[in-house]
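Chemist: Before I ask anything, let me first share the structure, which is written out below as structure tokens.
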Amino acid sequence: MRTYNWAILGLGNIAHKFAESLALLPNARLHAVASRDAAKAQEFAARFGVPHAVGSYDELLTVPDIDVVYIATPHTEHYAHTLLCLRAGLPVLCEKPFAVNAQQAQQMRQVAEEKGVFLMEAFWTRFFPAIHKALELVAAGTIGEIKHLSADFGFVAPYVPEGRLFNPALAGGSLLDIGVYPLFISKLFLGEPQEIRAVATRAATGVDVNCSMALAYEGGATASLFSTIAAQTDNQCILYGSHGQLQLTGRFHAASGITLKHPNQEPQHISCEKQGYGYLYEAEHVQQCLAQGLTQSPLLPLQFSLELMQQLDVIRQQIGLRYPME
């Protein structure tokens, strides 16, 4: 079994979780880490036993034997850092949201295709065992035809105007940070919407604090989605079908199981426990794609990520949210 050498570009909180998850994969090795702070890179490398630690992102490109780069920088930097690696011929797993807007996402895809290099959005939710099982159950007609999907994601964020959640210069707001999860899950189960309606409330900085979205699909299905950085929600996703309901248990974006409900029957609980934080599933999938010589994922193709960014653009236009870098 071939071992894949990973590099991590950007060493914030999510990078630590990803590094711990890689350690659970027998054929994955964390080979290099990069930060703009050389001391931070050295400290990270010492903690995880990484042989190469560099103090700039350009320097990462000089490290030999890198098989794939995980980009863990803030989402305003995903575009530049993805292009940096792709143009150097390095496969990329880029943290969600894929970019700030669809124009950036389209160019990222274009460069990947021109270079013939693997690129995938790191939407970890797609690869959880519970999601695989839920898709299987829906395809088998377990709850009949989906008529409605509801999903919410919310937590209380301290108001820090210059912080990443409230700063428009950092593409702040609930939508790109967590609202993308309800949108993702609705697209996964229902496809592309025919109509999107969105309303939002704003922070003093101008970014969205609450965002409520209503979507309609061909065939008559609808979705009600909500994201907020001002209140704790249940972080639930429920699919309402013509014959029953399917609920992703636990926080739906990192679901640990499924509950099925049918009329006049006891609920059925299906456990789909995850390993560690759950990032290993997307990493394992990337390695499988690389082993097959693929340049994009069959489970999360670049067209899916582009269409998701297009939905986000439509919503931001409706709620009047434009970022300074656009």
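Residue numbers (my numbering): 45 to 370.
Even glycine gets a Cβ: it sits at the ideal position worked out from N, Cα and C.
Count the C-beta pairs between the segment 155-175 and the segment 242-250 that are closer than 8 Å, then say yes if the count reaches three, no if not.
Modeler: no
Chemist: Output the distance between the C-alpha atoms of I187 and F197, rounded to the nearest integer angstrom.
Modeler: 24 Å
Chemist: Confirm, please, whether the CB-CB distance from S218 to S268 is below 8 Å.
Modeler: no
Chemist: By the 10 Å Cβ neighbour count, where 16 or more other Cβ atoms means buried, how is T106 classified, buried or exposed?
Modeler: Here T106 is exposed. Its C-beta has fewer than 16 other C-beta atoms within 10 Å.
Chemist: Excluding the 5 residues preceding and the 5 following F62 in the sequence, name in chain order all residues of the same chain whose CB lies nearer than 7 Å to its CB.
Modeler: The beta carbon of F62 lies closer than 7 Å to those of I52, Y114, A116 and Y323 in the same chain, with the five residues before and after it left out.
Chemist: Spatial neighbours of A260 within its chain, please: C-beta separation below 7 Å, excluding the five flanking residues on both sides.
Modeler: P237, Q238, E239 and T266
Chemist: Given this structure, state the Cα-to-Cα distance separating A274 from L193, to the nearest angstrom.
Modeler: 23 Å
Chemist: Taking all protein chains shown into account, decide if M369 is buried (16 or more other Cβ within 10 angstroms of its Cβ) or exposed.
Modeler: exposed
Chemist: Using only the alpha-carbon positions, how far apart do A143 and A178 sit?
Modeler: 27 Å
Chemist: Going straight from the alpha carbon of L209 to that of L134, what length do you get?
Modeler: 30 Å
Chemist: On the DSSP bridge assignment, give the partners of S268 in chain order.
Modeler: Per DSSP, the beta-bridge partners of S268 are S194 and A258.
Chemist: Quick one: is Q276 buried, meaning 16 or more other Cβ sit within 10 Å of its Cβ, or exposed?
Modeler: exposed
Chemist: Starting from L304 and walking both ways along the beta strand (DSSP E), at which residues does that stretch end?
Modeler: G301 to K305
Chemist: Between P345 and the ligand HEM, is the CB less than 7 Å from at least one heavy atom?
Modeler: Looking at this structure, you won't find the ligand HEM or any other ligand, since it has none at all.
Chemist: Going along the chain, which residues of its own chain have a beta-carbon closer than 8 Å to the beta-carbon of Y225, five neighbours each way excluded?
Modeler: T169, A195, F197, S271, F296 and H297
Chemist: Go through its chain and collect everything with a Cβ distance to L104's Cβ below 7 Å, but skip five positions before and after it.
Modeler: The answer, listed in chain order, is A51, L53, A76, A78 and V98.
Chemist: Can we say the segment 348-364 touches the segment 147-166, given the rule of at least three CB pairs closer than 8 Å?
Modeler: yes
Chemist: On the DSSP letters alone, give me the boundaries of the beta strand (DSSP E) that T126 sits inside.
Modeler: Judged by DSSP secondary structure, T126 falls outside any beta strand (DSSP E) and instead within the alpha helix (DSSP H) spanning H122 to R131.
Chemist: Are the CB atoms of G288 and H306 within a distance shorter than 8 Å?
Modeler: yes
Chemist: Excluding the five sequence neighbours on either side, which residues of its own chain have a C-beta within less than 6 Å of the C-beta of F88, listed in chain order?
Modeler: L55 and V77, listed in sequence order.
Chemist: Alpha carbon to alpha carbon, how far is Q331 from K318?
Modeler: 19 Å
Chemist: Tell me the rounded alpha-carbon separation between I110 and K231.
Modeler: 33 Å
Chemist: Report the option in K84, H96 and Y48 whose CA atom is closest to the CA atom of R73.
Modeler: Distances from the CA of R73 to each of K84, H96 and Y48 were compared; the closest alpha carbon is that of Y48.
Chemist: Buried or exposed for G285, going by 16 or more other Cβ atoms inside 10 Å?
Modeler: Within 10 angstroms of the beta-carbon of G285 lie 16 or more other beta-carbons, which makes it buried.
Chemist: Along the alpha helix (DSSP H) that carries I58, what are the first and last residues, could you check?
Modeler: N57 to L66
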